[in-house]
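Novice: Would you mind keeping the following structure in view while I ask a few things?
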Amino acid sequence: MPALALPSRTRLPAGVLALVLAGAAFASALVLTAAPARGATTFVHSAKSGEFRGDRLVLHGIGRRVSWVTNTGRSGVGSIKRLHRRLFPPRRPATGILHIAGDRGGDEREFRLSRPRYSAGRQRVGYRVSGLKRARLARSAAVRGPRRFGPASLSILGAPQLGSGDNGGNDCRVTIENNLPWELEASSEGKWPTDTWDPGIPFQYVLDQAQSITWGSDGGFMRGCSVSGGWTIISDPDSPPNPPQGTFNLNTTWEWNGGGNTGTTCSNTNPGSYYCQDLSSGADGTGSWQLSYIYPPPG
78 MPALALPSRT RLPAGVLALV LAGAAFASAL VLTAAPARGA TTFVHSAKSG
128 EFRGDRLVLH GIGRRVSWVT NTGRSGVGSI KRLHRRLFPP RRPATGILHI
178 AGDRGGDERE FRLSRPRYSA GRQRVGYRVS GLKRARLARS AAVRGPRRFG
228 PASLSILGAP QLGSGDNGGN DCRVTIENNL PWELEASSEG KWPTDTWDPG
278 IPFQYVLDQA QSITWGSDGG FMRGCSVSGG WTIISDPDSP PNPPQGTFNL
328 NTTWEWNGGG NTGTTCSNTN PGSYYCQDLS SGADGTGSWQ LSYIYPPPG
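No gaps in the numbering here: position 265 of the sequence shown is 342 in our numbering, and each next residue is one more.
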């Protein structure tokens with residue numbers, strides 16, 4: 078897991094920066110359990126004051142924007158409305174760490190966050206809070222600590238399935254293993270326009286027998302991803318039996334909130350001679366296939 082590194086031009090208030098660092102470290106511990114997550118995005122509210130109202134945490138003096146940072150070094154600001162719309166799908170609570178000004182290290186309160194509310198006119202944001210198994214219950218924390226407090230920061234990490242990529246979106250990967258007695262040549266590749274290659278397939282790449290290759294794309298900020306590739310069997314008339322023609326087409330798609338267009342596929346243009354064996358672990362955003370030959374061919 079890469080260490081957190083803020084760009085040299087990024088300057089955040091000391092209290093926010095301290096919480097970002099703590100939140101990113103906490104995020105790193107969580108995403109280790111969520112393959113194929115390699116990164117994590119932490120969002121930070123900076124408030125003038127706050128309070129607990131029953132099972133809700135309310136922060137006052139909130140602007141229209143929220144700061145964010147990834148543990149791969151990217152940072153910026155975004156809309157609170159978009160944060161609530163994208164990071165809080167049904168039945169996927171986020172995780173929050175509350176740092177109140179004056180708290181010593183280790184005094185931060187950890188919660189699960191759901192049911193976000195935001196009022197731009199009142200400069201107020203609120204979340205329903207509940208306890209993490211390894212943290213104090215929200216209500217207990219509210220009793221032990223102040224019900225009303227001064228300047229504070231709230232660091233928010235989405236569910237492990239969200240924002241786990243290097244760019245703050247989802248990452249997609251495809252791995253193939255050539256189990257054919259012939260070479261394969263890359264014939265096509267594709268991704269969503271909001272993705273970036275990480276990595277793409279090298280130009281006119283040839284995959285030898287018993288070799289494998291992985292290619293993929295990183296989804297844009299708070300977006301899903303999709304990556305595909307085509308591989309054509311190379312004819313070799315000097316090495317009989319000459320292989321039947323065929324092209325394998327593979328795709329991995331991982332929508333942001335796990336919508337209907339999510340999953341992995343592998344097909345070929347000559348199913349009478351070739352087939353795809355699924356080697357995937359079932360992790361979101363990852364497809365792994367062994368490309369094989371039906372021998373002897375039917376008929």
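We put the beta carbon where it would ideally sit given N, CA and C, even for glycine.
#1: Does the distance from the C-beta atom of Phe188 to that of Val206 stay below 7 angstroms?
#2: Suppose the cutoff is 7 angstroms on Cβ atoms and the five residues either side in sequence are ignored; what does the same chain contact list for Arg224 look like?
#3: Ser357 and Ser365 look like a contact to me (Cβ under 8 angstroms); what is the Cβ gap, rounded to whole Å?
#4: On the CB-based measure, 16 or more other CB atoms within 10 Å of its CB, does Val283 come out buried or exposed?
#5: Leaving out the 5 sequence neighbours to the left and right, which residues in its chain are closer than 6 angstroms to Gly267 when beta-carbon positions are compared?
#6: Which value, in whole angstroms, describes the spacing of the CA atoms of Ala360 and Ile177?
#7: Find the nearest neighbour of Ala124 within the set Gly131, Thr118, Val135, judged by alpha-carbon distance.
#8: Under 8 angstroms by Cβ, that's how I've got Gly246 and Arg168 pegged, so tell me the actual separation to the nearest angstrom.
#9: Less than 8 angstroms between the CB atoms is what I'm expecting for Ser152 and Trp145, so what's the real figure, rounded?
#10: Can you tell me where the beta strand (DSSP E) with Arg186 in it begins and where it stops?
#11: Where does Leu257 fall in DSSP's three states?
#12: Please classify Thr291 as buried or exposed, where buried requires at least 16 other C-beta atoms within 10 Å of its C-beta.
#13: Under DSSP, the alpha helix (DSSP H) around Arg163 begins and ends at which residues?
#14: Go to Trp382, then tell me how far its beta strand (DSSP E) extends in each direction, as first and last residue.
#15: Between which two residues does the beta strand (DSSP E) holding Ala124 run?
#16: Relative to the C-alpha of Gly340, which residue among Tyr351, Gly235, Leu327, Leu164 is closest?
#17: Go ahead and pull the three-state DSSP assignment for Ser230.
#18: Determine the extent of the beta strand (DSSP E) in which Asp295 is found, giving its start and end residues.
#19: Using the three-state DSSP reduction, which class does Arg141 fall into: helix, strand or coil?
#20: Tell me Arg130's beta-bridge partners as DSSP assigns them.
#21: Using 8 angstroms for Cβ pairs, my map puts Gln281 next to Glu262. What's the rounded Cβ distance?
#22: Give the single residue among Trp333, Pro320, Phe325 whose Cα lies nearest to the Cα of Tyr372.
Specialist: With the given structure in hand:
#1: The answer is yes: Cβ separation under 7 angstroms.
#2: The beta carbon of Arg224 sits closer than 7 angstroms to the beta carbons of Glu128, Phe129 from its chain, once the five residues preceding and following it are set aside; these are given in chain order.
#3: About 5 angstroms; that satisfies the 8 angstroms criterion.
#4: Counting every other CB atom within 10 Å of its CB across the protein chains shown gives Val283 a total below 16, marking it as exposed.
#5: Cβ within range, chain order: Ser305.
#6: If you take the alpha carbons of Ala360 and Ile177, they lie about 37 angstroms apart.
#7: If we check each option's Cα against that of Ala124, Val135 comes out closest.
#8: In this structure Gly246 is not in contact with Arg168, their Cβ atoms being roughly 21 angstroms apart against a cut-off of 8 angstroms.
#9: Between Trp145 and Ser152 the Cβ distance is about 7 angstroms, and since that is below 8 angstroms, they are a contact.
#10: For Arg186, the enclosing beta strand (DSSP E) has its first and last residue at 186-196.
#11: Looking at Leu257 - three-state DSSP - the assignment turns out to be coil, as it is neither helix nor strand.
#12: Counting the other CB atoms within 10 Å of its CB gives Thr291 a total below 16, which places it among the exposed residues.
#13: Boundaries of the alpha helix (DSSP H) harbouring Arg163: 157-164, taken from the DSSP string.
#14: Past the boundaries of the shown model lies residue 382; the chain is included only from 78 to 376, so the question cannot be answered.
#15: For Ala124, the enclosing beta strand (DSSP E) begins and ends at 118-124.
#16: Of the candidates Tyr351, Gly235, Leu327, Leu164, the residue whose Cα lies closest to the Cα of Gly340 is Leu327.
#17: Annotated three-state conformation of Ser230 is strand, per DSSP.
#18: For Asp295, the enclosing beta strand (DSSP E) begins and ends at 289-295.
#19: Coil at Arg141, not helix or strand.
#20: Under DSSP, the beta-bridge partners assigned to Arg130 are Arg133.
#21: Confirmed, Cβ separation roughly 7 angstroms.
#22: Ranking Trp333, Pro320, Phe325 by Cα distance to Tyr372 puts Pro320 first.
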